[in-house]
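Written below as structure tokens is the structure these notes are about.
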Amino acid sequence: MTYTFDQELLINGLVKEEIRDLQQLVHNKKGQLSDRQREMARRELKQYQELQYQNRLNRHSSIYKSEKG
Numbered sequence: 259m260t261y262t263f264d265q266e267l268l269i270n271g272l273v274k275e276e277i278r279d280l281q282q283l284v285h286n287k288k289g290q291l292s293d294r295q296r297e298m299a300r301r302e303l304k305q306y307q308e309l310q311y312q313n314r315l316n317r318h319s320s321i322y323k324s325e326k327g
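Set out below in structure tokens:
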């Protein structure tokens, strides 16, 4: 599925917010999460980071194609 550049930027912004929230949750030293909750948050954080990376690759490849074509 392809997205417009504006949609890619919107996705990136939303993903950044979610990553920031999850990082705070995972790295909170007060220990408010159980081990299971922390592991699930880590897994979700990793998924969002992978989505952010894929989004970045898609954005760069679309920029490269538009400059070349």
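Heads up: the sequence shown is residues 259 to 327, going by our numbering. C-beta atoms are modelled at their ideal positions from N, C-alpha and C, and glycine is treated no differently. Computed from a predicted structure; not experimentally measured.
Got a sec, what are the start and stop residues for the alpha helix (DSSP H) S320 sits in? 293 to 326
Applying the criterion that 16 or more other CB atoms from any shown protein chain within 10 Å of the CB defines a buried residue, is N313 buried or exposed? buried
Skipping 5 residues on each side, what residues in its chain have a beta carbon closer than 8 Å to that of I277? L303, Y306, Q307, Q310
Just checking my contact of E275 with N316 at CB under 8 Å: how many whole Å lie between their CB atoms? In fact, because the Cβ distance is near 19 Å, the residues do not count as touching under 8 Å.
Three-state secondary structure assigned by DSSP to K287: coil
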